[in-house]
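Peer 1: In order, the protein sequence lines correspond to chains A and B. According to this note's numbering, the first sequence is numbered sequentially starting from 1. According to this note's numbering, the second sequence is numbered sequentially starting from 113. Quick one: the structure is below, and I'll ask about it shortly.
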Amino acid sequence: DAMVIQNPRYQVTQFGKPVTLSCSQTLNHNVMYWYQQKSSQAPKLLFHYYDKDFNNEADTPDNFQSRRPNTSFCFLDIRSPGLGDAAMYLCATSGHGGETQYFGPGTRLLVL
Amino acid sequence: SQQGEEDPQALSIQEGENATMNCSYKTSINNLQWYRQNSGRGLVHLILIRSNEREKHSGRLRVTLDTSKKSSSLLITASRAADTASYFCATEGDFGNEKLTFGTGTRLTIIP
């Protein structure tokens, strides 16, 4: 089945220790998104790629970076995680911008 | 902020009853979508309604859109325990920038 896969499902890191979250898709979609979702809140868009074109949200902290080496994969790098970065990180894809988004199961990040 | 508001924030009903959730938004849109999120999981797309549509059905779901009031409602008929989840509306602005803006969500609990 075509799908969006996120690894790992749970990630524990130490304060200030870099961490990378990964997302892969078998849907061959052009657009990939990274969201941050804190408890009982709406998903907050961090960045998105339209093909290789990178689009950063104005309020995304510099601590967050992203890479999309090919159509199928996208990575979220958190350079120096703080306690406030503990959240669920959701990856999503879309065939065309603004249309239905397909979400992965998320990676829950815990910062100690 | 362009973020939508959802009402109510939480809703508990008996199994078999109908559940209605409302969403209001601030800017002109191309489409409005509803997503479901089970606890600790990714979001699942339910239904998309375009700005030139007023009502749409999918199984037990009925969505209405009133662009003059910038509001939408989601009705789930004959609710089941498995409908327990958070429900989010999301809008694509009519400036076509490939992004969705999510509402604050409604937490629905179905009591068996």
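For each residue, glycine too, the CB sits at the ideal point set by N, CA and C.
Which ranges does the alpha helix (DSSP H) cover as unbroken runs of at least 4 residues, wholly within the region 113 to 148 of chain B, from first to last along the chain?
Peer 2: none
Peer 1: Of all the residues that make up the region 5 to 31 of chain A, which are near chain B by a beta-carbon distance shorter than 7 Å?
Peer 2: Val31
Peer 1: Spatial neighbours of A:Ala86 within its chain, please: C-beta separation below 7 Å, excluding the five flanking residues on both sides.
Peer 2: Leu109, Leu110 and Val111
Peer 1: Using a Cβ-Cβ cut-off of less than 9 Å, list which residues of the region 88 to 101 of chain A approach chain B; keep chain order.
Peer 2: Met88, Leu90, Cys91, Ala92, Ser94, His96, Gly97, Gly98, Glu99, Thr100 and Gln101
Peer 1: Any C-beta of chain A within less than 9 Å: which residues of the region 185 to 215 of chain B qualify?
Peer 2: Ser198, Phe200, Ala202, Glu204, Gly205, Gly208, Asn209, Glu210, Lys211, Leu212, Thr213, Phe214 and Gly215
Peer 1: With which residues is A:Asn55 paired in a DSSP beta bridge?
Peer 2: Bridge pairing for A:Asn55: A:His48 [DSSP].
Peer 1: For chain A, is any of its Cβ atoms less than 8 Å away from the one on B:Gly154?
Peer 2: yes
Peer 1: When Cβ atoms are compared, which residues of the region 160 to 176 of chain B fall closer than 7 Å to chain A?
Peer 2: For the region 160 to 176 of chain B, which is checked against every Cβ of chain A, the residues closer than 7 Å are Leu160.
Peer 1: Could you give the DSSP three-state label for A:Leu83: helix, strand or coil?
Peer 2: helix
Peer 1: Along the beta strand (DSSP E) that carries B:Asp178, what are the first and last residues, could you check?
Peer 2: Leu173 to Asp178
Peer 1: A:Pro61 and A:Leu90 look like a contact to me (Cβ under 8 Å); what is the Cβ gap, rounded to whole Å?
Peer 2: Contact doesn't hold; Cβ gap of about 17 Å is too wide.
Peer 1: Does B:Gly128 come within less than 8 Å of chain A when only Cβ atoms are used?
Peer 2: no
Peer 1: Is any beta-carbon of chain B found at less than 8 Å from that of A:Gly82?
Peer 2: So no, A:Gly82 is outside the interface.
Peer 1: Below 8 Å on C-beta distance, what does A:Pro43 contact in chain B?
Peer 2: Leu155, Phe200 and Phe214
Peer 1: In the DSSP assignment, find the beta strand (DSSP E) that holds B:Gly205 and state where it starts and stops.
Peer 2: Ala197 to Gly205
Peer 1: Under the rule that 16 or more other beta-carbon atoms within 10 Å means buried, what is A:Asn70, buried or exposed?
Peer 2: exposed
Peer 1: Strictly under 8 Å for the Cβ-Cβ distance: is A:Pro61 near chain B by that measure?
Peer 2: no
Peer 1: If you reduce the DSSP assignment to three classes, tell me which class A:Ala42 lands in.
Peer 2: coil
Peer 1: Identify the continuous beta strand (DSSP E) that holds A:Met32 and give its terminal residues.
Peer 2: Val31 to Gln37
Peer 1: Taking A:Pro105 as the query, report the chain B residues whose CB atoms sit under 7 Å from its CB, ordered along the chain.
Peer 2: Arg153 and Gly154
Peer 1: With a threshold of 8 Å on Cβ separation, who are the neighbours of A:Arg9 within its own chain once the five nearest residues in sequence on each side are excluded?
Peer 2: Cβ neighbours of A:Arg9 beyond the five flanking positions: Pro105, Gly106, Thr107 and Arg108.
Peer 1: Taking only beta-carbon atoms, is B:Leu220 less than 8 Å away from chain A?
Peer 2: no
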